[in-house]
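All you need for our numbering is the position in the sequence shown, starting with 1, plus 10. All C-beta atoms in this analysis are idealised placements derived from N, C-alpha and C, irrespective of residue type, glycine included.
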Amino acid sequence: MTAIDWPAFLLVLVASLVSAVAAVSLFAVGVRLLAAPAAGAAAASFEPDDQGEDDPTTPADARPVGATVGAIAAFAVAAAVAVVGVLLIIH
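Okay, here's the thing in structure tokens:
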């Protein structure tokens, strides 16, 4: 019977949980930044009987440049975390 190396097992568990939370959080931040309205834009008002006919997405020209750059950076880092994870699995 093979013994389990518990410290190594816990290290892999914690590292995978931390990297998964980091990647998902970065992706969520990127999505949130893409939905950022312009600085002076009024918040959209939704009526209780709204059937979803309004498009809630923010056009690219109405989004602040900093939010777009931040979203791209967040997506890039989240993708890098995913690629590093795949490379660690392969090797």
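- Annotation: A13 to F19 spans about 11 Å, alpha carbon to alpha carbon.
- Under the 10 Å beta carbon count, R42 is surrounded by fewer than 16 other beta carbons and is classified as exposed.
- The same chain holds no residue with a CB closer than 6 Å to that of L27 once the five nearest residues on each side in sequence are set aside.
- Relative to the Cα of L98, the nearest Cα in the group S29, M11, D15, P17 belongs to S29.
- Approximately 4 Å separates the beta-carbon atoms of A77 and A46; this is inside 8 Å, confirming the contact.
- Boundaries of the alpha helix (DSSP H) around A77: 75-100.
- In the three-state reduction of the DSSP assignment, P17 falls in the helix class, which pools H, G and I.
- For V75, the closest C-alpha among the options L44, V31, L23, A32 is that of L44.
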